[in-house]
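**Q** Questions regarding the structure given below will be posed in turn.
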Amino acid sequence: MSKLVKWNKGGLKSPMARARGLGSAKSGLDHWLMQRITAVGNLILGLWLLCSLICNGAMSYTAAILWVSEPVTAILLILFVISSFYHAVLGSQVVIEDYIHHEGFKLLKLLGQRLVFFAMGVACIFSVLQVAL
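In this text, residue positions in the sequence shown follow the numbering used here: the first is 6, and each later residue adds one.
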């Protein structure tokens, strides 16, 4: 019996009886909490990055390299990359789960988006480390 047919009203089943078997409601809290934590991290780190760029003004290429080479700056940039990409993965996962209904395509799309975001995050971290070291 498909999920949509199971939820249809009819018969003598209560709403709770019709809802059973439609999926777990246990793992949503972790996802929701991590989205909020990464959003706060992105806000703090994004404000730091914006203020740093504004305060440094129009940096030359050499000045930018020296700025990224500072250990605190490199660490904060890497944290910003990790937090931003993880937040993007969580957000796009919700969109995929809500709007793609074919289970096979949904699984393929979720796997693909995680791999793409992971590859982009690794490339950004590698770039920061390449300049910093």
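Where is the CB? At the ideal position from N, CA and C, for every residue including glycine. Only a predicted model underlies this, so the values are computations on that prediction, with no experimental measurement involved.
Check whether the Cβ atoms of H36 and L95 sit closer than 8 Å, and answer yes or no.
**A** On the sequence shown, residue 36 is found 31 positions in, with the first residue counted as 1. On the sequence shown, residue 95 is found 90 positions in, with the first residue counted as 1. Contact flag set, yes.
**Q** Can you give me the Cβ contacts of L54 inside the same chain, cut-off strictly under 7 Å, excluding the 5 residues immediately before and after it?
**A** Locating residue 54 in the sequence shown gives position 49, where the first residue counts as 1. Within the same chain, L54 has close Cβ partners F85.
**Q** Within its chain, find whatever has a CB closer than 7 Å to the CB of S97; leave out the 5 residues flanking it on each side and keep chain order.
**A** Counting from 1 along the sequence shown, the entry for residue 97 is found at position 92. Taking S97 as the centre and dropping the five residues before and after it, the same chain places the C-beta of Q118 closer than 7 Å to its C-beta, in chain order.
**Q** Evaluate contact between the stretch 102-112 and the stretch 74-82, counting only Cβ atoms and requiring at least three cross-stretch pairs below 8 Å.
**A** no
**Q** How many angstroms separate the CA atom of A79 from the CA atom of F131?
**A** Within the sequence shown, the letter at position 74 stands for residue 79. Within the sequence shown, the letter at position 126 stands for residue 131. About 11 Å.
**Q** If I follow the unbroken alpha helix (DSSP H) through A63, where does it start and stop?
**A** Indexing the sequence shown from 1 puts residue 63 at position 58. Counting along the chain, A63 falls outside any alpha helix (DSSP H), and DSSP gives it neither H nor E.
**Q** In the structure shown, what three-state DSSP assignment does S19 receive?
**A** As a first step, residue 19 is located in the sequence shown; it is residue number 14 there, counting from the start. Reduced to three states, the DSSP call for S19 is coil.
**Q** Could you check if V127 is buried or exposed, using at least 16 other CB atoms within 10 Å of its CB as the buried criterion?
**A** What you label residue 127 is simply residue 122 of the sequence shown in a count that begins at 1. Exposed: under 16 other Cβ atoms inside 10 Å.
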